[in-house]
Amino acid sequence: MTILESVSEDTLVFLQIHKRVWPAAQRDALFWSHIRSAPDARDSDGPRTWIVCNHSTDHDKAPECKNGKYIKLLRYTGCLIVISRIDYRQSMFLVHPNHGIRSGTM
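All residue numbers for the sequence shown refer to the UniProt record's numbering, where the first residue is 1 and numbers rise by one.
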């Protein structure tokens with residue numbers, strides 16, 4: 001995934017090229033993504049809630065596909081609400097770029 005533009009601190013324009021899976025043609029998606037924290041006024045120590053909105057767009061920096069290599073994902077709008085919960089008493093998965101995924105406990 002490539003960031004084409006940082007519109008603001010919480011909004012980015014992405015170009016995402018999806019891996020080709022035979023027999024389908026390879027696809028790409030050009031979209032802006034906006035993320036916003038939605039704090040819970042009733043529980044300031046509770047889990048963090050995030051709202052993410054993605055929407056298809058056009059962009060001058062996006063390369064044109066003249067040879068028909070990619071099929072463009074057009075007119076996509078998606079919204080997610082995500083609640084982050086971390087329980088340090090449970091086993092955790094640690095991700096390290098050089099060592100992959102390891103499990104451990106705290």
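Where is the CB? At the ideal position from N, CA and C, for every residue including glycine.
Go through its chain and collect everything with a Cβ distance to residue i's Cβ below 6 Å, but skip five positions before and after it.
| i | result |
| --- | --- |
| Arg20 | Gln26 |
| Met1 | Phe14 and Gln16 |
| Leu80 | Val52 |
| Ile71 | Ala25 and Arg27 |
Starting from the C-beta of residue i, find all residues in its chain whose C-beta is less than 8 Å away, skip the five residues before and the five after it, and write them out in chain order.
| i | result |
| --- | --- |
| residue 124 | In the structure as shown, the chain begins at 1 and stops at 106. Residue 124 is therefore absent and cannot be evaluated. |
| Tyr76 | Ala29, Phe31, Asn54, His55 and Ser56 |
Just to confirm, are residue i and residue j a CB contact at a threshold of 8 Å?
| i | j | result |
| --- | --- | --- |
| Glu9 | His59 | no |
Within a Cβ cutoff of 7 Å, which residues of the same chain sit near residue i, ignoring the five residues on either side of it in sequence?
| i | result |
| --- | --- |
| Gly78 | Asn54 |
| Lys69 | Gln26 |
Exercise for the section: Would you check if there are 3 or more beta carbon pairs closer than 8 Å linking the region 34-48 to the region 56-65? Expected result: no
Practice task
At 3 residues or longer, and completely inside the UniProt domain "START" (1-81): list those beta strand (DSSP E) runs for me, N to C.
Solution key: 2-8, 11-17, 26-37, 48-56 and 70-73
Practice task
Decide if the region 41-50 is in contact with the region 4-23; the criterion is three or more beta carbon pairs, one per stretch, under 8 Å apart.
Solution key: no
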